[in-house]
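Down below is the structure, laid out as structure tokens.
Protein chains: 2
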Amino acid sequence: MSRSHTHVSEEVTDQACPLVEVIDHVAGKWSISILVAAARGPIRFTELERSIEGISRRMLTLNLRRLERDGLLTRTVHPTVPPKVEYSLTAMARELYSYLTGLVEWAERHRGAIAQARTAYDSKAAAVPQAGQPHP
Amino acid sequence: MSRSHTHVSEEVTDQACPLVEVIDHVAGKWSISILVAAARGPIRFTELERSIEGISRRMLTLNLRRLERDGLLTRTVHPTVPPKVEYSLTAMARELYSYLTGLVEWAERHRGAIAQARTAYDSKAAAVPQAGQPHP
DNA sequence: CCGTATCCGCTCGGATACTG
DNA sequence: CAGTATCCGAGCGGATACGG
């Protein structure tokens, strides 16, 4: 945000493409699901819509466009009737894939532990009258 | 994957803790920065604030609380004056660490390519009058 | 089948001010 | 030092309707 003034001549990419933003796009809530789903091979719009639980059509479209714009997905339109559109990973995205699945597998392994940690945290926060008591 | 029949015991954590939500917390915009920064060893609040470019105090606090609640960070208060609070990764989070750095390194490697892909996409979208023309 | 467009509630998140 | 509290604008995201 408050970037000290860089030379505008060469490194536009540094300004235009902060790491945090790239990661945010790539590791976004739906992006991971989409990329993992598309990793098996070309996949159609409605297949994505059905395979990703809870995503709305709007959010699917928005994420697909953003991933395409970032060069992670290619969109291929087959001029048939009815229309058929397929999305595939680019080389860049295939390289990303293993990190994503690693993340997902980690989340699966620790999902239970996380749920327990939340319960513990919440019950602890609820029962601390001797410290959190604002006297009336 | 989406609709295999779950046992009741798993169903509880499944409801309380959807995979997508876990990933969203863990791979969130600021979460990654925080976890990576805390991986080197116990780190203080202001150290985090200074080392993470662009984060506000509010967002830092919110993310720290959420990570603590999810069992990824431990918060240790040293009863000194002035007060000293340190955050450390839990075992669960240290296991996550390598996937996160993998992601970050990927983002660094391809930051330039992504910036170029965006430029290409935008210029293509701007100059396609023969296909995108909405006839009046 | 594969989207786009519009409305709108709701949350995110920065700015600011105040405590132990 | 390490937060909490409150305000408030921006934009995310669901619902709905429509088009090629």
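Residue numbers (full-length UniProt numbering), protein chains in the order written: chain A, 1 to 136; chain B, 1 to 136. Heads up, the beta-carbon is just placed ideally off N, CA and C, and yes, glycines get one too.
When the Cα atoms are used, what is the spatial distance from residue i to residue j?
| i | j | result |
| --- | --- | --- |
| Thr46 (chain A) | Tyr87 (chain A) | 11 Å |
| Ala37 (chain B) | Thr80 (chain A) | 51 Å |
| Ile34 (chain A) | Ser123 (chain A) | 36 Å |
| Pro18 (chain B) | Leu72 (chain B) | 17 Å |
| Arg40 (chain A) | Ile52 (chain B) | 36 Å |
| Ala91 (chain A) | His110 (chain B) | 11 Å |
| Ala131 (chain B) | Ala125 (chain B) | No answer about Ala131 (chain B) holds up, because its pLDDT of 42 lies below 50 and its placement is not dependable. |
| Leu96 (chain A) | Ala113 (chain B) | 13 Å |
| Leu64 (chain B) | Trp106 (chain B) | 25 Å |
| Ser2 (chain A) | Ile55 (chain A) | Model confidence at Ser2 (chain A) stands at a pLDDT of 35, short of 50, so the residue's coordinates are unreliable; what they give is reported in the following sentence. Rounded to the nearest angstrom, the two C-alpha atoms are 35 Å apart. |
| Arg118 (chain A) | Gly102 (chain B) | 27 Å |
| Glu21 (chain B) | Glu108 (chain A) | 11 Å |
| Ser98 (chain B) | Tyr121 (chain B) | 32 Å |
| Pro82 (chain A) | Thr74 (chain B) | 55 Å |
| Lys29 (chain B) | Ile23 (chain B) | 11 Å |
Which stretch, first to last residue, makes up the alpha helix (DSSP H) that contains residue i?
| i | result |
| --- | --- |
| Val36 (chain B) | Lys29 to Ala38 |
| Thr61 (chain B) | Arg57 to Arg69 |
| Val104 (chain A) | Ala91 to Ala126 |
| Glu49 (chain B) | Phe45 to Ser51 |
| Val20 (chain B) | Leu19 to Val26 |
Take residue i and list the residues in its own chain whose beta-carbon comes closer than 7 Å to its own, dropping the five residues that flank it on each side.
| i | result |
| --- | --- |
| His25 (chain B) | Ser31, Arg66 and Asp70 |
| Leu100 (chain A) | Ile32, Leu35 and Val36 |
Within its chain, find whatever has a CB closer than 8 Å to the CB of residue i; leave out the 5 residues flanking it on each side and keep chain order.
| i | result |
| --- | --- |
| Thr76 (chain B) | Pro42, Val85, Glu86, Tyr87 and Ser88 |
| Arg94 (chain A) | Ala39 |
| Arg57 (chain B) | Glu49 |
| Arg44 (chain B) | Lys84, Val85, Glu86 and Tyr87 |
| Pro136 (chain A) | Annotation note: pLDDT 34 at Pro136 (chain A) (below 50); position unreliable, coordinate value reported separately. Counting only Cβ-Cβ distances below 8 Å, and skipping sequence neighbours, we find nothing. |
| Val104 (chain A) | Ile32 and Val36 |
Using a threshold of 7 Å, state whether the C-beta atoms of residue i and residue j are closer than that.
| i | j | result |
| --- | --- | --- |
| Leu60 (chain B) | Glu49 (chain B) | yes |
| Ala27 (chain B) | Ala27 (chain A) | yes |
Name the two residues that bound the continuous beta strand (DSSP E) containing residue i.
| i | result |
| --- | --- |
| Thr74 (chain B) | Leu73 to His78 |
Might you give, ordered along the chain, the residues of its own chain that have their beta carbon closer than 6 Å to the beta carbon of residue i, omitting 5 neighbours on each side?
| i | result |
| --- | --- |
| His78 (chain B) | Lys84 |
| Glu68 (chain A) | Arg75 |
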